[in-house]
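Just so we're aligned, residue 1047 is where the sequence shown starts under my numbering, counting upward by one. Each residue gets a CB set at the ideal place from its N, CA and C atoms; glycine is no exception. This one's a predicted model, so the numbers in the text were calculated from it and none came from an experiment. Structure, as structure tokens:
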Amino acid sequence: MTDKDDYGGKLRGASILVVDDEPGMRNFLTKILGSRVKRVEQAGSPGEASKKLDDGHYDLVIVDNIMPGRTGLDWLEEQHRKGLFAETILITAYADLDTAIAALRIGVSDFVLKPFRANQILGAVARALDRRFLRRDNTLLRHELHAGGSMAGKLLGKSPAMLAVRAMLEKLAPLPTPVLLTGASGTGKELAARHLHQLSARRDKPFVAVNCAAIAPDRIVPELFGTVEGRERLTPGLLLLADGGTLFLDEVVQMPETLQSALLRVLEDQRLRPEGAEREIPLDLRFLFATNADLPKAVAEGKFRADLYHRINVMQIEMPALKDRAEDTVELAALFLSQFQASLCLPGLELNEVTLLKLRSYDWPGNVRELKNMIERSVILGEFPEEFAGMGTVTGAQAIESLDFVVQRHIMHMLDECKGNRAEAARRLGVSRKTIDRKLALWSTD
């Protein structure tokens, strides 16, 4: 197995800067890294490297310690004060204890002695990037769990309203344009944002969701932008951790004024300055926004900056209320029922004909979130609430016609999901195979 086979998967997608005054060493490192990483660039001096850091963002910096004018350690210490968040590897021909201690003190990731073989530097690079991406993923996971975000889920529904939403998301997915998602609480704005992210070329990069109403006003700017507190306290913010991916800001009307001002600059320049940093860091981010409030009214009342509103309101997608896409209720209810029965390991409930009609005719003021909570509660209690229970009767020709339509559409959709397997469809629906056969025979004669 080649070195590329061993390390390519770990290094792929990384951006690396090589800083060394010797052209031979720079070219050697570029040659062995170039085919394995997304981008590798060279700098022949600390001054040239500083300019490159001003213009671009790197995951890893490999720097020689002994260079004309100053040492690599002195340069790294200066860069950390300015706001260098990249991993660093120091290469040197002098393995004295003082240099090793100084490297550890300023946070160097690894220490490689010259002369070294290709597999040694590749191993050091792979370890440094592993640590970097592991820390990033752990931080984002803690943020997601603390925020109570939806880490999974599908944007379901085949109603005309949802088909229009999907079509617009597909159209916008390849573009960098900001998108504002509006609609009542529980209509699936975050699911739509995640769906757009998955459709885009950024799907393999982070999706970071931030609820602006859930973070204290005095903490939201450092949490998003990060902080630099001396050479030993570099805390990357969510903006930098999401670099290359998508940042979703929910409840934007709750943004404090300080964040509105800072965010406007980021949107215009795609650069951020962490608190306490001397350098602005280039970003590559797709911004998505959401609100259930009347933003134009908030602008008129002076609660939201007009310039920021116009900057984020380039493309707007209104998420439809569940009552306006009642035909999707059955599909959603069946999915939630299946999910909760499996996750809670509890007996299933039957979505019989009367229950289906009642679900479809209810207004759902809390939208999809209310439906999901009701299904979970019903699975736990072992029965649907009285207003949705299937023991009632349905009267009137229009009600019977609606009921037949709901049942037929639901069963045909489930058969489609099961690729025509009637036994599996019956199992998921919580009915007998004979019921499916009887319904299909009835419809075939209509």
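Chain-order list of residues whose beta-carbon lies under 7 Å from that of residue i (same chain, five-residue window excluded)
{"i": "Ala1174", "result": "Leu1106, Glu1133, Ile1135, Ser1155, Asp1156"}
{"i": "Ala1073", "result": "In the sequence as presented, Ala is not what sits at residue 1073; that position holds Asn. Within the same chain, Asn1073 has no close Cβ partners at all."}
{"i": "Met1197", "result": "Bear in mind that a pLDDT of 43 at Met1197, under 50, signals an unreliable position, so the number given afterwards is only what the model happens to contain. The answer, listed in chain order, is Glu1190."}
{"i": "Ala1308", "result": "Val1267, Phe1271"}
{"i": "Thr1117", "result": "Asn1111"}
{"i": "Gly1102", "result": "Pro1328"}
{"i": "Arg1406", "result": "Ala1372, Thr1375, Val1376, Val1452"}
{"i": "Glu1416", "result": "Gly1232, Trp1410"}
{"i": "Ala1149", "result": "Leu1119, Leu1136, Phe1157"}
{"i": "Ile1482", "result": "Ile1457, Arg1468, Ala1471, Ala1472"}
{"i": "Gln1166", "result": "Val1158"}
{"i": "Pro1222", "result": "Arg1332"}
{"i": "His1459", "result": "Glu1377"}
{"i": "Thr1048", "result": "Only weak support is given to the placement of Thr1048: the predicted model assigns it a pLDDT of 43, under 50, and the question is left unresolved by the model."}
{"i": "Asp1289", "result": "His1103, Leu1329, Asp1330, Leu1331"}
Whole-number beta carbon distance between residue j and residue i, since they are thought to touch under 8 Å
{"i": "Ser1232", "j": "Gly1412", "result": "The identity of residue 1232 in the sequence shown is Gly, whereas the question assumes Ser. With a Cβ gap of about 5 Å, Gly1232 and Gly1412 count as contacting."}
{"i": "Gln1306", "j": "Arg1351", "result": "5 Å"}
{"i": "Leu1284", "j": "Glu1297", "result": "15 Å between Cβ atoms; not a contact."}
{"i": "Leu1122", "j": "Val1083", "result": "That pair is no contact at about 20 Å."}
{"i": "Ile1426", "j": "Leu1392", "result": "7 Å"}
{"i": "Glu1236", "j": "Ala1336", "result": "7 Å"}
{"i": "Leu1341", "j": "Val1299", "result": "6 Å"}
{"i": "Arg1455", "j": "Cys1464", "result": "Actually they do not touch by this definition, with Cβ atoms about 15 Å apart."}
{"i": "Glu1321", "j": "Val1274", "result": "7 Å"}
Host beta strand (DSSP E) of residue i (start-end)
{"i": "Ser1061", "result": "1061-1065"}
{"i": "Ile1137", "result": "1133-1138"}
{"i": "Ala1380", "result": "Element bounds for Ala1380: not the beta strand (DSSP E) but the alpha helix (DSSP H), 1375-1390."}
{"i": "Gly1262", "result": "Reading the sequence as shown, one finds Ala at residue 1262 and not Gly. First-last for Ala1262: undefined, no H or E at that position."}
{"i": "Thr1401", "result": "Thr1401 -> not in any beta strand (DSSP E); alpha helix (DSSP H) instead, spanning 1399-1407."}
{"i": "Asp1370", "result": "Neither: Asp1370 is in no beta strand (DSSP E) and is coded neither H nor E."}
{"i": "Val1225", "result": "1225-1228"}
{"i": "Gln1362", "result": "1361-1364"}
{"i": "Leu1032", "result": "The requested residue 1032 is not part of the displayed model; the chain covers only 1047 to 1492."}
Residues near residue i in its chain [Cβ-Cβ closer than 8 Å; skip 5 each side]
{"i": "Ala1207", "result": "Pro1366, Asp1370, Arg1371"}
{"i": "Leu1287", "result": "Arg1182, Thr1185, Leu1186, Pro1252, Val1254"}
{"i": "Arg1479", "result": "Arg1468, Ala1469, Ala1472"}
{"i": "Ala1238", "result": "Leu1201, Val1211, Leu1215, Leu1227, Ile1363, Met1365"}
{"i": "Asn1493", "result": "No answer is possible for residue 1493: it lies beyond the span of the chain, which begins at 1047 and ends at 1492."}
{"i": "Gly1442", "result": "For Gly1442, the pLDDT reaches just 39, beneath the cut-off of 50, and the residue's location in the model is therefore unreliable, although a value from the coordinates is still provided. If we look at Gly1442 and ignore the five residues flanking it on each side, it has no Cβ neighbours."}
Contacts around residue i, its chain only, beta-carbon distance under 6 Å, and the 5 residues preceding and following it disregarded
{"i": "Leu1293", "result": "Val1254, Leu1331, Phe1333"}
{"i": "Ile1108", "result": "Val1064, Ile1135"}
{"i": "Gly1394", "result": "Gln1387, Gly1476"}
{"i": "Pro1302", "result": "Pro1263"}
{"i": "Lys1204", "result": "none"}
{"i": "Glu1068", "result": "none"}
{"i": "Phe1382", "result": "Lys1418, Ile1421"}
{"i": "His1243", "result": "Phe1253, Thr1292"}
Contact check, residue i vs residue j, beta carbons under 9 Å
{"i": "Met1361", "j": "Pro1220", "result": "no"}
{"i": "Thr1129", "j": "Glu1364", "result": "Residue identity check: residue 1129 is Gly in the sequence provided, not Thr. No; because the gap between Cβ atoms is not below 9 Å, this pair is not in contact."}
{"i": "Leu1403", "j": "Ala1379", "result": "no"}
{"i": "Arg1212", "j": "Leu1201", "result": "yes"}
{"i": "Asp1142", "j": "Met1113", "result": "no"}
{"i": "Leu1079", "j": "Val1158", "result": "no"}
{"i": "Leu1497", "j": "Val1414", "result": "Look at the range of the chain in this structure, 1047 to 1492, and you will see that residue 1497 is not part of it."}
{"i": "Leu1318", "j": "Arg1357", "result": "no"}
{"i": "Gln1125", "j": "Ser1096", "result": "yes"}
{"i": "Lys1077", "j": "Glu1087", "result": "no"}
{"i": "Gly1291", "j": "Arg1240", "result": "no"}
{"i": "Ala1146", "j": "Pro1161", "result": "no"}
{"i": "Gly1093", "j": "Asp1250", "result": "no"}
{"i": "Ser1091", "j": "Gly1115", "result": "yes"}
{"i": "Leu1280", "j": "Phe1179", "result": "no"}
Residue i, enclosing alpha helix (DSSP H) - first and last residue
{"i": "Arg1019", "result": "Nothing about residue 1019 can be read from this structure; the chain reaches only from 1047 to 1492."}
{"i": "Arg1240", "result": "1235-1245"}
{"i": "Ala1095", "result": "1092-1101"}
{"i": "Thr1076", "result": "1069-1080"}
{"i": "Val1158", "result": "No alpha helix (DSSP H) holds Val1158; the beta strand (DSSP E) holding it covers 1156-1159."}
{"i": "Pro1282", "result": "Segment 1280-1282 is the beta strand (DSSP E) holding Pro1282; no alpha helix (DSSP H) there."}
{"i": "Ile1152", "result": "From DSSP, Ile1152 is part of no alpha helix (DSSP H); its letter is neither H nor E."}
{"i": "Val1109", "result": "Element bounds for Val1109: not the alpha helix (DSSP H) but the beta strand (DSSP E), 1106-1110."}
{"i": "Leu1417", "result": "1413-1427"}
{"i": "Asp1330", "result": "Neither: Asp1330 is in no alpha helix (DSSP H) and is coded neither H nor E."}
{"i": "Leu1341", "result": "1341-1346"}
{"i": "Ala1213", "result": "1206-1218"}
Worksheet item: Three or more C-beta pairs closer than 8 Å, one from the region 1423-1437 and one from the region 1334-1346: is that the case here?
Response: By the Cβ criterion, the region 1423-1437 is not in contact with the region 1334-1346, since fewer than three pairs of Cβ atoms, one from each stretch, lie closer than 8 Å.
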